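Residue 225 in our numbering is what sits at position 223 of the sequence shown, and the numbering runs on without skipping anything.
Don't be surprised by glycine CBs; every beta carbon is placed ideally from N, CA and C.
Here the structure is a predicted model, which means the values were calculated and not measured.
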Amino acid sequence: MKALVVFGVLVVSLVLAAGASAKESFAGNVVGVSNETSVTREELNSLTSQAQGEYQQIARILGRTGNEKIKVSVEDVEISYTNFYRRTIVTGVYHLKNGQVPLAHELTHVFTGRGVSEVLSEGVAVYFQERVGKGRVFPNYGFELNARLKENSKRWNIPLPRNAYAFAERNINNMDQMRPRILSYLLAGSFCRYLIDDVLGGDVPKFMKIFHTGDFLAVAGKTRDALMEEWRHAVFVG
C-alpha cells in the first residue's frame, strides 16, 4: 500500500494480491481501478484525485451532498460510459494516456441519470465537462462549444435543420454516422448552456426540473420550440 497527497487530496494506491497488474486507488468518495498493465499507479492516482475534485464541484453546483461512492475503471475500451445503477464510470487506456478522459461528463451521468430526452441528458453532461472538467475531450476537444458547432457544421456541410432538437435527439446515439453524432452532442451542450446560463441565470437546480419533467414552459416561461429558436439566433446570428 502507498499513500500520497495529490492536489491536497489524500490518495491511497494498492496493488491487489490477485495479480501484479491489478491496481486500486482511493480518494474521498472515489475508487479508481485498473487491470491494464500499461496503466501506472501514478496515472491511476492522478485520475482518482481529479475525479474526486470534479465530483465535489458538480455536487455543489447541483445542490447535492456528494456522499455517494463511485468507481472509475480504466479498461481497454474505445468509448467512455457510465453504469448509473452501479455508480461506475468506465474509460479507456487511450483516453487516460492522452488526457481525454471525460470525467466531468460521466460524473454528471452518475449524479443525474437520464433525463426526459437525450438532448438534455447529454447536453448537461457536456455543459459540466466544459464548466469544471479538464482535458481536450469529446465533443469539442477544448474548443468553445458554439465556435466548434458552427465550424464543424460548415466544414462538414451539415446545416442544422429547422427542427434542430429532433435532429440531435435522433443522432446522439447514431454510432454509424459520427459527424451528425458529434454535431448533436455540440448542439445539446450549447443549448443546455444557453438554458442554464442565459435563460435561468445560472440556476442549475431549476434546469434540473426541466431535465426531469420536460416542462420548459412552466420552468422557463417559454416553450421548447421558442427557446430553441432564440438559441439558434444567439448562436448563428449573434
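Going by DSSP, what residue range makes up the alpha helix (DSSP H) through residue i?
i, result
"ILE184", "180-195"
"ILE212", "206-215"
"LYS73", "Element bounds for LYS73: not the alpha helix (DSSP H) but the beta strand (DSSP E), 72-77."
"LYS25", "Taken as a continuous stretch (DSSP letters only), LYS25 belongs to no alpha helix (DSSP H), being part of the beta strand (DSSP E) at 25-29."
"SER51", "43-64"
Comparing alpha-carbon positions, which option in the options lies nearest residue i?
i, options, result
"THR2", "THR67, ASN85, VAL79 and PRO104", "Since the first residue shown for the chain is 3 and the last is 240, residue 2 is missing from the structure and cannot be characterised."
"ASN31", "ASN69, GLU77 and ILE160", "ASN69"
"GLN2", "THR39, LEU64, THR42 and GLY34", "Only positions 3 to 240 of the chain appear in this structure, which leaves residue 2 out of reach."
"ALA106", "TYR87, SER82, ARG88 and LYS99", "SER82"
Under 6 Å Cβ to Cβ from residue i, same chain only, skipping five residues before and after it: list those, please.
i, result
"ALA20", "In this predicted model, ALA20 has a pLDDT of only 45, less than 50, meaning its place in the structure is not dependable; the value taken from the coordinates is given anyway. So the list is empty, once near-sequence residues are dropped."
"ARG183", "ASN173 and ASN176"
"TRP233", "PHE193 and TYR196"
Return the Cβ separation of residue i and residue j in integer angstroms, given the expectation that the two are a contact with Cβ distance under 8 Å.
i, j, result
"VAL128", "ALA166", "15 Å between Cβ atoms; not a contact."
"ILE60", "SER75", "Between SER75 and ILE60 the Cβ distance is about 19 Å, and since that is not below 8 Å, they are no contact."
"ILE212", "ALA228", "13 Å between Cβ atoms; not a contact."
"GLY101", "GLU80", "Wrong, their Cβ atoms sit about 16 Å apart, outside the cutoff."
Is it the case that the Cβ atoms of residue i and residue j are separated by a distance below 7 Å?
i, j, result
"CYS194", "GLY117", "no"
"LEU64", "VAL201", "no"
"ARG89", "ILE72", "yes"
"GLU56", "VAL134", "yes"
"VAL237", "ASN148", "yes"
Within a Cβ cutoff of 7 Å, which residues of the same chain sit near residue i, ignoring the five residues on either side of it in sequence?
i, result
"GLY204", "ILE198"
"ARG150", "ASN142 and LEU188"
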